[in-house]
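full-length UniProt numbering puts the sequence shown at residues 1 to 324.
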Amino acid sequence: MEPHSFARTSRDNTTVESVVRQTAPIGRFAPSPTGRLHAGNLFAAVVAWCLAHREGGKMVLRIEDLDPERSRTEYADAIMRDYEWIGLTWDFGPYWQHDREEAYRAAYERLEREGLVYPCFCSRADLHAASAPHFGEKLVYPGTCRGLSNAERQERAQRKDPSWRLIVPDKDVTFDDILQGSQQQNLARECGDFVVRRADGAFAYQLAVVLDDAEQGVTQVARGIDLLPSTPQQIYLQSLLGLPHPEYAHFPLMVNESGRRLSKRDHDASIDELRDRFHTPERLLGRMAFVAGMMPNDAPLTLEEFAREADFTKLGGRISAEWS
Ligand code: GLU
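Listed below in structure tokens is the structure:
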């Protein structure tokens, strides 16, 4: 592996420079309790645990239950039991996003005071804002509502509650991803002003996640590559709010036979199915490491062996591993 780095922002707030990290990383599990785990979620948790533990690091567990309609406590409990079954441990938490409303509000009000947010009346603007946007869900917002006058805003607000967008600059955000290398995104052209608060008052994933990572001491964010396009937004928010930048590692996703990202619909990859099929965590971990191209065969592995022996450089790419 490359020497690990943490990130420091340049003076114009958009370039994140790597600095060699002196201390062991603090990684995180950030499951959304919207269903049972499947092979893809489990692989993500295993990789995050291994990347931190390879260097003597620790893990935070944060339950991302921002979206009250989709989140269930029973799923959070089941996820923790399934993590325990496979041997995944956490040192801090579980923290719950539903306890963090005040912190989200304070940060949001700070952005508002600084004149950085505006109301958006576009339909369906905040449909997904409270959950992490996975591939295909991210659209470039053209700034439709940015230029409305106060009178227009007041008039529209009588008919519709707006969502609230953060103004982004026409600048590139750059950062070094541990697995994917140097990354660059122009916020204005490739993202656009993004939602930080939904029309129903709920705070958006992008805002919550940067506040939580900072508050919980997370220094290493390891997650699926479908969240790579969100990282520049998060880095920008960290800069605006004076928060530290964690290091990032985005790894390929597990897909089904038709090449689609695994979802709750792929029953043969569900955790219960996996437990029935593989019987022991070691056999499942061995299979996962092999499917991901990180081991030459699917011999059983403990979690510690996975962390020590699997080839993490194989995750430096966007090719997805077909789960079978
Ligand atoms: N809660 C998100 C998910 O389960 C992960 C968000 C993140 O890692 O930043 O997809």
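Glycine included, each C-beta is placed from N, C-alpha and C at the ideal position.
The model shown is predicted, which means the values in this text are computed figures rather than measured ones.
Asked                                                                                                                                                   : Found
DSSP three-state call for P68: helix, strand or coil?                                                                                                   : coil
Of all the options G56, I235, C145, D91, which has the alpha carbon lying nearest to the alpha carbon of Q185?                                          : I235
Alpha carbon to alpha carbon, how far is A269 from S324? Give it in angstroms, no decimals.                                                             : 8 Å
Do the stretch 97-104 and the stretch 282-296 touch if we need at least three Cβ pairs shorter than 8 Å?                                                : no
So is the beta-carbon of E64 under 7 Å away from any non-hydrogen atom of the ligand GLU?                                                               : yes
Can at least three beta-carbon pairs, one atom from the stretch 168-183 and one from the stretch 68-79, be found at a separation below 8 Å?             : no
Check whether the Cβ of P31 lies closer than 7 Å to any heavy atom of the ligand GLU, and answer yes or no.                                             : yes
With a threshold of 7 Å, establish whether the CB of R287 neighbours any heavy atom of the ligand GLU.                                                  : no
Which whole-angstrom value describes the C-beta separation of V218 and P246, a residue pair presumed to lie in contact below a C-beta threshold of 8 Å? : 5 Å
Roughly how many angstroms lie between the CA atoms of R124 and P33, to the nearest whole one?                                                          : 23 Å
Specify the secondary structure class of F312 as computed by DSSP and reduced to three states.                                                          : helix
Which class does R153 belong to by DSSP, given the choice of helix, strand or coil?                                                                     : helix
Apart from the five residues on each side of it in sequence, which residues of its chain come closer than 8 Å, Cβ to Cβ, to C50?                        : L303, F306, A307, A310, F312
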